Every structure is written in structure tokens, then in C-alpha cells.
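Asks: Dumping the structure here so I can ask a few things about it.
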Amino acid sequence: GTVGVVTLVNGSVTYDPDGRFQSLAIGETAVDTFVYTVSDPHGATATATVAVTITGENDAPTADNDGLNVAEDDGASDITSTLLDGDSDADHSETAQLTVTAIATAGVVGQVTLSNGIVHYSPSMAFESLPVGGTATDTFTYTIEDPHGETAEASVTVTIAGRNDAPASFNDSASIAADTLLSVAARGVLTNDTDVDTGESALLVVSASDSASVAGATVSVASNGSYTYDPRGVAAFVALPQGESTVDVFHYTAADPQGATDSADAVITVVGVNDAPTASDNAFTVSASDTA
Numbered sequence: 006g007t008v009g010v011v012t013l014v015n016g017s018v019t020y021d022p023d024g025r026f027q028s029l030a031i032g033e034t035a036v037d038t039f040v041y042t043v044s045d046p047h048g049a050t051a052t053a054t055v056a057v058t059i060t061g062e063n064d065a066p067t068a069d070n071d072g073l074n075v076a077e078d079d080g081a082s083d084i085t086s087t088l089l090d091g092d093s094d095a096d097h098s099e100t101a102q103l104t105v106t107a108i109a110t111a112g113v114v115g116q117v118t119l120s121n122g123i124v125h126y127s128p129s130m131a132f133e134s135l136p137v138g139g140t141a142t143d144t145f146t147y148t149i150e151d152p153h154g155e156t157a158e159a160s161v162t163v164t165i166a167g168r169n170d171a172p173a174s175f176n177d178s179a180s181i182a183a184d185t186l187l188s189v190a191a192r193g194v195l196t197n198d199t200d201v202d203t204g205e206s207a208l209l210v211v212s213a214s215d216s217a218s219v220a221g222a223t224v225s226v227a228s229n230g231s232y233t234y235d236p237r238g239v240a241a242f243v244a245l246p247q248g249e250s251t252v253d254v255f256h257y258t259a260a261d262p263q264g265a266t267d268s269a270d271a272v273i274t275v276v277g278v279n280d281a282p283t284a285s286d287n288a289f290t291v292s293a294s295d296t297a
């Protein structure tokens, strides 16, 4: 049967390939046929066949928009096949020859690179603030080209999923006299600790801590970061002359809601104070003739 469309209007015959040979590549041909009949004024007729040779021309490729899912801490990934999987070329055999020839990176938050037709995408640490369960999107466009230079463009939407990041704990410092209890309110040791995940710095808690300092002072740290440090009676501090100081340390661990942790030190400067002398009773014996 005839593949194209043949019409007859008032003795005029028109043939239209009607887009049905788009799969022909440049240089390829196909033959379509139809039969026609002619008649003379006396009603005699004759029939013949027309063979139409259709020559292929290049067709531009079609690029479809793409979606991609990555995690915030993923490294650079080769996404070339993902981009090309949905793209096509009507010219048969040319779909497999499509290549990515350009990318437009204006406004891209992550990092997109193109080298020798290979496209890599990386969140590139730009989405570290995403908490667990949070998402963000990044977009860019790319251009594909067929073997004859025809091109098409499409966009890529990358969905980045948040992953938990451990908190960052930083050393704390305080100063107290050797005969005084140090009491620090919440958030205490957590005040300068942070979590890059949005909203989680305020949710940090102390999950572990020393009960005694390196020098032996009594330490109590609450989960909200408040703490007490008691240097009183520690021999090393009692022996400190007035005005002189020494440094003591205790350790603690901060945890985020997902259980990731980091540890730091509380560095306490203990200042010596004047201690009253201690007088002890004495007894001795003298004779009446002894003199002082």
C-alpha cells in the first residue's frame, strides 16, 4: 500500500510524504508507489503505477527535560546517560550518536562541568544546610547535537536531599577564684557550638561529660549545657598564691537530634586567693627560775 498521501482534485494529482519518512537519514532513500488510471473522452481507460523515490533529509533531534536525584554530600556524578536517555532523533541510527555539546550554568548553585561530551554534576557542598528530610532544587540547561550539526535544548532539574551533618563543638573558657563555685546557666558549653543543618544548632544537647576535671574539681554538666565547676578544696588550687592562676580542663560531648556528635573542652582559669593562716595550740613547761 501507499505510505504517503495521494490526492486527486479535478484531474490534478498531488503526492505528499506527510512526514512518514522522517526516519530516513541523509543519503538514504525509500520508494513509495501508487496506481493511477487515465481515461479518454470515449471512456476507454488505462492503468499505470507511479514509483516515488523519497530522499532522506536531516531532522533536528528532540531533547526532553530531565529530572535527577542526588544527596547533598554526593560527589561529582557522570549524568550524561541520564540526560540522553530521553532524547531522540527521528533519523534512525542517529539517536545513538547524539552528544551533549553545551551547558548553561547561569544560576546553578551546585557545580556542572562538560568535558568531551561528558557531563558531571556535584552539589559541591552548596546544600550542606539541608536537614534530614529537607530538599532543594538546582537547574541548568544543556544542548544536544546530531552528527549533522542540528541541535536541541532541554532543562535538568536536580533534586538534592538533605543528609545529617555532625555538629561542630568549640572549646569554652571561664575564670573563677579558687574558693568559689562556678555556675554557668544554659546554654553554657553549647553556646558557641553549631550545626550546619538548618535549625539544629538550637537543638544540640550535651550527651556526655566528665564528672571531674583534670585537676580533680567536681564538675556537673546538664544536657542543656549549663554546668557547675567546684574548685574548692582541690589541693593544687589551695596551694596557689593569691593572684596567681592555673588552667584546668574538663571534656564534654555535644549531640544533634540524629545522634551525631562532636567533643570539646571547657578550659577553666582558676585564680589563687589569700588563705588565712592556721594557728595551732602549743604547750611547754618552764621552771620558776627560767626566764623568757
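In terms of the working numbering, the sequence shown is residues 6 to 297. C-beta: ideal position from N, C-alpha, C; glycine also. Note that the structure is a prediction, hence the values are computed from the model and not measured.
Note down the Cα distance separating Glu33 from Thr19, rounded to an integer number of angstroms.
Replies: Each residue's alpha carbon lies about 23 Å from the other.
Asks: To the nearest angstrom, how far is it from the Cα of Ser216 to the Cα of Ile84?
Replies: Distance between the alpha carbons of Ser216 and Ile84 is about 52 Å.
Asks: Looking at C-beta atoms only, is the number of pairs between the stretch 229-242 and the stretch 140-148 that lie closer than 8 Å three or more?
Replies: no
Asks: Please classify Val40 as buried or exposed, where buried requires at least 16 neighbouring CB atoms within 10 angstroms.
Replies: exposed
Asks: Apart from the five residues just before and just after Ser206, which ones in its own chain have a Cβ nearer than 6 Å to its Cβ?
Replies: Correct list, in chain order: Thr199, Asp200.
Asks: So within the stretch 141-181, which uninterrupted alpha helix (DSSP H) runs reach at least 4 residues, ignoring any that extend past its ends?
Replies: none
Asks: Using C-beta distances below 8 Å, list every residue in its chain close to Asn279, excluding the 5 sequence neighbours before and after it, in chain order.
Replies: Gln247
Asks: Whose C-beta lies closer than 7 Å to the C-beta of Asp23 among residues of the same chain, with five residues either side of it excluded?
Replies: Gly9, Val10
Asks: Would the stretch 120-134 and the stretch 95-112 be scored as touching if the rule is three or more Cβ pairs under 8 Å?
Replies: yes
Asks: Verify whether the separation of the beta carbon atoms of Pro136 and Asp261 is less than 7 Å.
Replies: No, these two residues do not count as a Cβ contact at 7 Å.
Asks: Relative to the C-alpha of Gln263, which residue among Ala241, Val252, Gly204, Phe289 is closest?
Replies: Shortest Cα-Cα distance from Gln263 to any of Ala241, Val252, Gly204, Phe289 involves Gly204.
Asks: Compute the Euclidean distance between the alpha carbons of Thr274 and Asp170, then round it to the nearest angstrom.
Replies: 32 Å
Asks: On the criterion of 16 or more Cβ atoms from any shown chain inside 10 Å, does Asp90 qualify as buried, or is it exposed?
Replies: In this structure Asp90 is exposed. Its beta-carbon is surrounded by fewer than 16 other beta-carbon atoms within 10 angstroms.
Asks: Which residues in the same chain as Leu119 place their Cβ atom closer than 6 Å to its Cβ, once the five residues preceding and following it in sequence are excluded?
Replies: Ile108
Asks: Distance check for Asp253 and Leu195, CA to CA, integer angstroms please.
Replies: 19 Å
Asks: Note down the Cα distance separating Phe1 from Val75, rounded to an integer number of angstroms.
Replies: The structure shown has nothing for residue 1, since the chain only spans 6 to 297.
Asks: Which whole runs of the beta strand (DSSP E) in the stretch 204-233 are 3 residues long or more, in chain order?
Replies: Fully enclosed beta strand (DSSP E) runs of no fewer than 3 residues occupy 210-214, 223-226 of the stretch 204-233, in order along the chain.
Asks: Alpha helix (DSSP H) containing Phe242: first to last residue?
Replies: 240-243
Asks: Quick check: Ala95 and Asp64, are their CB atoms within less than 7 Å of each other?
Replies: Contact: yes.
Asks: Would you kindly work out how many angstroms separate the C-alpha atoms of Leu245 and Val219, rounded to a whole number?
Replies: One C-alpha to the other measures close to 16 Å.
Asks: Specify, as a first and last residue, the run of the alpha helix (DSSP H) that Ser86 falls within.
Replies: 85-90
Asks: Three-state secondary structure (DSSP) at Val278?
Replies: coil
Asks: Where does Val194 sit, in a helix, a strand or coil, going by DSSP?
Replies: helix
Asks: Could you pull the start and end residues of the beta strand (DSSP E) that Val38 belongs to?
Replies: Looking at the sequence shown, residue 38 is not Val but Thr. Counting along the chain, the beta strand (DSSP E) containing Thr38 begins and ends at 34-44.
Asks: Put Thr104 into one of helix, strand or coil per three-state DSSP.
Replies: strand
Asks: With a CB to CB cut of under 6 Å and the five nearest residues on each side skipped, what residues in its chain are close to Ser180?
Replies: Thr274
Asks: Just to confirm my understanding: we take Gln27, look at its own chain, exclude 5 residues before and 5 after, and list those with CB closer than 6 Å. What are they?
Replies: Asp64, Ala95
Asks: State buried or exposed for Val291, treating a residue as buried only when at least 16 other CB atoms are found within 10 Å of its CB.
Replies: exposed
Asks: Assign Ala259 to buried or exposed, taking buried as 16 or more other Cβ atoms, counted over all protein chains shown, within 10 Å of its Cβ.
Replies: buried
Asks: From Ser268 to Phe175, what does the alpha carbon distance come to, in whole angstroms?
Replies: Straight through space, the alpha carbons of Phe175 and Ser268 are spaced by roughly 8 Å.
Asks: Which residue wins for smallest C-alpha separation from Arg25, given the options Thr7, Ile31, Asn15?
Replies: Answer by Cα proximity: Thr7.
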